[in-house]
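**Q** Dropping the structure in here first, questions after.
Protein chains: 2
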Amino acid sequence: MGTITAPWKQLLLNALESNSHLKHSSYFQLATVGCNGRPSNRTLVFRGFQESSDKFHINTDNRTHKIEELKHCPFAEICWYFTDSWEQFRISGRVDVIDGSNPDNFKLQQREKSWFASSVKSRLQYLGPNPGLPRISEHQSEEEVRLDPSIGPVAAFCLLVLDPDQVDYLNLKNNERVKFISTLDMNGVKNWTSERINP
Amino acid sequence: MGTITAPWKQLLLNALESNSHLKHSSYFQLATVGCNGRPSNRTLVFRGFQESSDKFHINTDNRTHKIEELKHCPFAEICWYFTDSWEQFRISGRVDVIDGSNPDNFKLQQREKSWFASSVKSRLQYLGPNPGLPRISEHQSEEEVRLDPSIGPVAAFCLLVLDPDQVDYLNLKNNERVKFISTLDMNGVKNWTSERINP
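If you read the sequences in order, they're chains Y and H.
According to full-length UniProt numbering, the first sequence is numbered sequentially starting from 1.
According to full-length UniProt numbering, the second sequence is numbered sequentially starting from 1.
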């Protein structure tokens with residue numbers, strides 16, 4: 001279960017490979033629906049796939065708006081444009097928000113792994129002031145905060161796991177577009193079908 | 001009215017200038033809310049500001065899902081990441097969908113201007129098969145379709161005008177973040193306030 005590779009995954013791995021010389025190739029835009037019903041959109045960093053699956057890992061701060069948005073409406077769409085190969089992936093799915101209070105041990109382990117996989121510098125931002133709130137101190141810098149590298153995830157650290165159910169692939173070089181749609185069979189296994197559509 | 005420059009506009013013009021050597025610097029991601037309540041997200045091309053205003057122009061095909069989505073929920077958020085200067089603009093606002101049936105003459109003129117401002121090659125795509133529908137012909141190419149360059153906008157051509165009411169600016173090089181919020185005064189004139197917030 002979950003070990004069958006999704007047919008779009010190889011396309012995405014190829015795009016990551018052919019754009020890997022660009023720092024921003026691991027950045028994508030994640031759209032969610034705000035509590036007021038209006039869309040939100042921000043750039044986030046791809047942290048890899050969950051082992052033997054097609055689920056996307058994203059690290060984020062528990063104190064940002066997207067957390068309450070995802071609790072209100074758990075659906076999101078990634079738009080990932082690769083600037084060198086001119087490929088776009090629109091990846092739609094449900095997002096699981098995993099913070100330190102999660103009752104599932106496997107999920108807590110995933111969160112801990114993701115914490116230790118990120119650099120100490122990026123861990124430091126979770127100790128900073130509340131993102132999005134008015135800036136009070138002019139002089140506080142990240143460097144003033146110390147963090148023991150052996151310490152596990154802090155309270156603000158949150159792992160998002162996006163489980164895709166639809167992928168729209170567009171290649172602007174050859175003008176090809178393919179839509180991948182998943183269905184769950186009676187055993188809860190995801191089955192993907194694909195169709196070429198007009199660009 | 002509308003001639004007072006929004007305070008974030010110069011920041012955006014500077015970003016466009018400093019990233020202008022990159023073809024993709026005019027591409028951004030537009031999030032909308034689908035009719036099923038789930039978010040949608042896709043890459044689009046910035047076609048400039050409406051004269052003496054802070055409204056964004058986007059060209060699109062009337063036959064795409066985003067049209068019905070915007071008729072259902074007219075709000076959208078642009079996420080625009082500049083890969084060379086490491087700046088992000090999140091621009092939230094209301095979108096006016098202008099197709100050939102619009103009763104407003106000024107809007108129809110804007111649509112016509114935007115049609116003639118785009119290349120003949122990009123106009124041709126509006127004569128192609130319905131975007132998103134299954135690809136029937138393997139061999140049809142854009143080159144087979146002819147288009148008289150003096151002919152005005154075809155039925156499928158649609159101008160989107162996004163009128164922003166909130167802009168969130170983030171600079172990843174100096175870690176500065178500023179939130180711009182607009183309010184309408186008694187005469188319907190937009191007034192912008194800004195505040196530095198934590199990144």
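The C-beta atom is built at its ideal place from N, Cα and C for all residues, glycine as well.
As the structure is a computational prediction, the values presented were derived from the model and not from experiment.
#1: Counting only Cβ-Cβ distances shorter than 9 Å, please list the residues of the region 20-47 of chain H near chain Y, keeping chain order.
#2: Do the region 12-24 of chain H and the region 147-158 of chain H touch if we need at least three Cβ pairs shorter than 8 Å?
#3: Using only alpha-carbon positions, find the residue among H:G188, H:K121 and H:R135 that is nearest to D148 (chain H).
#4: By how many angstroms is the C-alpha of D165 (chain H) removed from the C-alpha of H24 (chain Y)?
#5: Would you list the one or two residues that DSSP bridges to Y81 (chain Y)?
#6: Is the shortest distance between the beta-carbon of F75 (chain H) and the beta-carbons of chain Y less than 9 Å?
#7: Would you mind stating whether S182 (chain H) and N174 (chain H) have Cβ atoms separated by less than 9 Å?
#8: Could you give the distance in angstroms between the alpha-carbon of G128 (chain Y) and the alpha-carbon of V145 (chain Y)?
#9: Using alpha carbons as the reference points, say which of H:R177, H:R42, H:S114 and H:D96 lies closest to K71 (chain H).
#10: Between C79 (chain Y) and chain H, is any beta-carbon pair separated by less than 9 Å?
#11: Using a Cβ-Cβ distance under 9 Å, would E144 (chain Y) count as near chain H?
#12: Please state the DSSP three-state secondary structure of R47 (chain H).
#13: If distances are taken between C-alpha atoms only, which option among Y:D104, Y:S137, Y:H65 and Y:T5 comes closest to S52 (chain Y)?
#14: Nearest CA to the CA of E112 (chain Y): which residue from Y:D168, Y:L172, Y:Q50 and Y:F82?
#15: Applying a beta-carbon distance threshold of less than 7 Å, which residues of chain Y neighbour I197 (chain H)?
#16: Among the residues of its own chain, which have a CB less than 6 Å from the CB of L115 (chain H), if the five just before and after it don't count?
#17: If we require 4 or more residues per run, which alpha helix (DSSP H) segments fall completely within the region 111-162 of chain H?
#18: Answer yes or no: do I58 (chain H) and L13 (chain H) have a C-beta to C-beta separation smaller than 9 Å?
**A** According to the structure data:
#1: L22, K23, H24, Y27, F28, Q29, L30, A31, T32, V33, G34, N36, G37, R38, P39, S40, N41, R42 and T43
#2: no
#3: H:K121
#4: 28 Å
#5: Y:Q88
#6: yes
#7: no
#8: 8 Å
#9: H:D96
#10: yes
#11: no
#12: coil
#13: Y:T5
#14: Y:Q50
#15: G132, L133, P134 and R135
#16: According to the sequence displayed, residue 115 (chain H) carries Trp and not Leu. Excluding positions up to five away in sequence, the list reads P153 and F157.
#17: 120-124
#18: no
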